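Asks:
Chains as they are written, first to last, in our numbering: chain A, 1 to 419; chain B, 420 to 838.
1. Taking 8 Å as the threshold (C-beta atoms), are residue 103 of chain A and residue 116 of chain A in contact?
2. For residue 585 of chain B, collect the residues of the same chain with a Cβ closer than 8 Å to its Cβ; drop the 5 residues on either side in sequence, then sort them by chain order.
3. Report the residues of the region 156 to 181 of chain A with a CB closer than 7 Å to any CB of chain B, ordered along the chain.
4. Against residue 336 of chain A, what residues of chain B qualify as contacts under a CB-to-CB distance less than 8 Å, listed in chain order?
5. What does residue 19 of chain A pair with, by DSSP beta-bridge criteria?
6. Report the residues of the region 401 to 413 of chain A with a CB closer than 9 Å to any CB of chain B, ordered along the chain.
7. Whole angstroms are fine: how far does the CA of residue 678 of chain B sit from the CA of residue 735 of chain B?
8. If residue 268 of chain A sits next to residue 327 of chain A, beta carbons under 8 Å apart, how far is it from one beta carbon to the other, in whole angstroms?
9. Within the 8 Å Cβ cut-off, does residue 784 of chain B reach chain A?
10. Could you please give me the residues that DSSP links to residue 120 of chain A through a beta bridge?
11. What does residue 327 of chain A reach in chain B if we use C-beta pairs closer than 7 Å?
12. Name the DSSP beta bridge partners of residue 544 of chain B, please?
13. At what residues does the alpha helix (DSSP H) containing residue 468 of chain B begin and finish?
14. Nearest-angstrom Cα distance between residue 493 of chain B and residue 398 of chain A?
15. For residue 480 of chain B, I'd like the list of residues in its chain whose CB is within less than 6 Å of its CB, leaving aside the five on either flank, ordered along the chain.
16. Have a look at residue 542 of chain B and residue 319 of chain A and give me their C-alpha separation to the nearest angstrom.
17. Can you list, in chain order, the residues of its chain whose CB lies under 8 Å from that of residue 278 of chain A, leaving out five sequence neighbours each side?
18. With a Cβ-Cβ cutoff of 8 Å, do residue 813 of chain B and residue 643 of chain B count as a contact?
19. So if DSSP puts residue 113 of chain A in a beta bridge, which residue, or which two residues, is it bridged to?
20. Just by C-beta distance, which residues in the region 342 to 375 of chain A are closer than 7 Å to chain B?
21. Looking at the C-beta of residue 655 of chain B, does it have a partner C-beta in chain A at a distance below 8 Å?
22. Could you tell me the alpha carbon to alpha carbon distance between residue 551 of chain B and residue 604 of chain B, rounded to whole angstroms?
23. Are any of the Cβ atoms in chain A nearer than 8 Å to that of residue 401 of chain B?
24. Check the C-beta distance from residue 192 of chain A over to residue 5 of chain A and give it rounded, since I have them as a contact under 8 Å.
25. At a Cβ threshold of 8 Å, is residue 125 of chain A touching chain B?
26. In its own chain, which residues sit with a C-beta less than 6 Å from the C-beta of residue 518 of chain B, not counting the 5 before and 5 after it?
27. Determine, using beta carbons only, whether residue 564 of chain B and residue 452 of chain B come nearer to each other than 8 Å.
28. Which residues in chain A sit within 7 Å of residue 620 of chain B, going by Cβ to Cβ distance?
29. Does the Cβ of residue 292 of chain A lie closer than 7 Å to at least one heavy atom of the ligand PLP?
30. List the DSSP bridge partners of residue 397 of chain A.
31. Examine the Cβ distances between the region 487 to 502 of chain B and the region 778 to 789 of chain B and report whether three or more of them are shorter than 8 Å.
32. Kindly indicate which residue of A:15, A:121 and A:36 has the alpha-carbon position closest to the one of residue 423 of chain A.
33. What did DSSP end up calling residue 433 of chain B once you bin it into helix, strand or coil?
34. At a CB-CB cut-off below 8 Å, which residues of chain A make contact with residue 665 of chain B?
35. For residue 150 of chain A, go through chain B and note every residue whose CB falls closer than 9 Å to its CB, in chain order.
36. At a Cβ threshold of 8 Å, is residue 549 of chain B touching chain A?
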């Protein structure tokens, strides 16, 4: 009998083999695969809805929350969004094969770097069937094979979607194993996957911090991962306060649950008397709870008292920590101490303040006069996003197609030898 | 009493703090630090030689091999090479702070990526005191703090070199903790270092495969590492055979012990009758043992019989595996199956053959008409090299200053909000 470990290993071996084919595929082939998936999706609403209904029935019997049910549901609209996304990714320029600047060495040999696929990507995610399509599309376009593992609540939906993907790959002459799905709902399968350093080049975990921390303990394969998003907006003494207000409101209230949501607002003491009451009233009226330092509370007595825990917290909720700081250095020190290196912004009209903040704040995204909620690959112009990375190595910040590639050196000569 | 783990942790904490300072240092400061180290080295030959003699005396009493003693010795010449290297790295352009292409989004916000230091680098190496200087110089120039741990045989030499580095850092107003050395010879210290994900951003192990495999088992911090260098030269049917001969001789005999040394020569069957005897005679006369496939042995009966093990072997010795292949596809299949993805070369005059090899061979360096022994950061024009990476993520191939950096996103706007 085949053990689970052998099954997962065999999936990895097939993925490695398939990666050799998709690595060499032309953009024409890869884009045709994506368009074909889109066409098939458009024609398969009935089958997909039927599979999805099985998942929904089970989910309801397990009392899943409304938000989870919402993410799990394949509606005609969500299916249409999937095929639109596929066609958009198909239309993007192929990242593979492009050469950077070629330099000529003193002996005449030419040195350049060529963009190439990473190889095999393992993607582990929760019960959101749209990730199955997005992840597969990004991997195909970037010339990678992938092994997918979604949440068990979406099992039937994912299997139906993967069947469509297989059919499309076959139709355009690419191996079906370019996109594989781990069919068992046994959690141990993920444990095997993240340790298969021979077969898997990188793991992209998408989901809550609990999932990612657990995988981090087990993984031997490198991960492109996202941990905390404790984002700050600092309102400088040279800020336009009306602009600062719009930015702070947008950063907090665009969506409370996204990783780019502002969690702490820092205000320069020179503008605190004007700005703190103004922003606190605006946010309070929008239902945001303010937790402030003593100076904040002196200016807005309705604010609750902030503890050190509040500086560390990623609320993902209508709560905002607020602190009046002595100067920009104090603001940057606060961000360095309490921030998570995700996305932090300054609001200022002073070019020196902007430059210093941009240079010295060590976060994956640093903004001047913009709300932190812009932290998103589409907003950056990446066209698509596999996730946001809080790693320092390889991909940092929003990760698009390029984050799923790497560079190899290519050298050309005419028989030069090393002396 | 402080435990060893606490000691290593405290070193990491100091390094993290120091990294915040060196990260913000100007190139003037960083280059001044390197020039000052060079000046101090030039004036400290006596002290350094005295410390080195202690190590040499111990090494001799432990019967270290001649090659190891050679690497361990600080001669006036090797000290001069160190200060030259320091001045060269000082003169290189600062990689930090440069901005890539800025794109403007439809809403007017500007998006770019800025090159920034990785943070804290842990470097683990064998008993080569010159690595102490090289590694520290590359880290300082790239704005990183580092924690060094060299082989115990070089302990006194390394401590004397680190004292010089500390003196120079202090002289230019940078924290001495930018470069720290783990002073204990207890091996467990390395085990703690490679798991300190809070304090250390990346580990660069330099040394034999044994060391690296051991670290790979223990490490939780990402590593920029080098494993095997099983490099191939493929002589195509459209090769200029005289060029092919020069390339093969250089690739094998430039230095047997380097990771870019050719270990297997693949020859297209159409040119085998001409080329195999020619190259085998030339290499044999240089003392290289040939281990060939049946077709090779039919053309050069002195060749020993190659087994599958020979295709896998990284000899690092005057031994060469040789195989006659049906065509270029067979050559590339051989490289895909047996190679280590390090450096592989084709010799050909045919542009289609060259392009296909360059595109489809999945190695960190792929050459056309050049010997594999060029695999070196200086040869590529990187100016300096911390090592060669066989990773796929982040840095791949020779790693210079840029490999010790990462990118952050910087966005500027005028108060745009997300709708």
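Built from N, CA and C at the ideal position, the CB exists for glycine as well. From a predicted model like this one, the values you see are computed outputs, not experimental measurements.
Replies: The relevant details are as follows:
1. With respect to the 8 Å criterion, residue 116 of chain A and residue 103 of chain A are not classified as neighbours on the basis of their beta carbons.
2. 595 and 598
3. none
4. 439
5. Answer by DSSP bridge pairing: none, since residue 19 of chain A is not bridged.
6. 406, 407, 408, 409, 410, 411, 412 and 413
7. 7 Å
8. 7 Å
9. yes
10. A:145
11. Chain B residues near residue 327 of chain A: none, gap ~16 Å exceeds 7 Å.
12. Here residue 544 of chain B is bridged, per DSSP, to B:625.
13. 464 to 480
14. 47 Å
15. A distance below 6 Å between beta-carbons, with the five flanking residues on each side excluded, links residue 480 of chain B to no residue of its chain.
16. The alpha-carbon atoms of residue 542 of chain B and residue 319 of chain A are separated by roughly 43 Å.
17. 241 and 245, listed in sequence order.
18. yes
19. DSSP output for residue 113 of chain A lists A:409 as bridge partner(s).
20. 358, 359, 360, 362, 363, 364, 365, 366, 367, 368, 369, 370, 371, 373 and 374
21. no
22. 16 Å
23. This structure cannot speak to residue 401 of chain B, because chain B is shown only from 420 to 838.
24. In this structure residue 192 of chain A is in contact with residue 5 of chain A, their Cβ atoms being roughly 5 Å apart against a cut-off of 8 Å.
25. Chain B, which has no Cβ nearer than 8 Å to the Cβ of residue 125 of chain A, makes this no.
26. Close CB contacts of residue 518 of chain B within its chain, under the 6 Å cut and outside five residues either way in sequence, are with 531 and 533 (chain order).
27. no
28. 392
29. Annotation note on the ligand PLP: not contained in the displayed structure, which lists no ligands.
30. A:389
31. no
32. Lying outside 1 to 419, the shown extent of chain A, residue 423 of chain A is not represented and no answer is given.
33. Looking at residue 433 of chain B - three-state DSSP - the assignment turns out to be helix.
34. 415 and 417
35. Within chain B, no C-beta atom comes less than 9 Å from the C-beta of residue 150 of chain A; the nearest is roughly 24 Å away.
36. no
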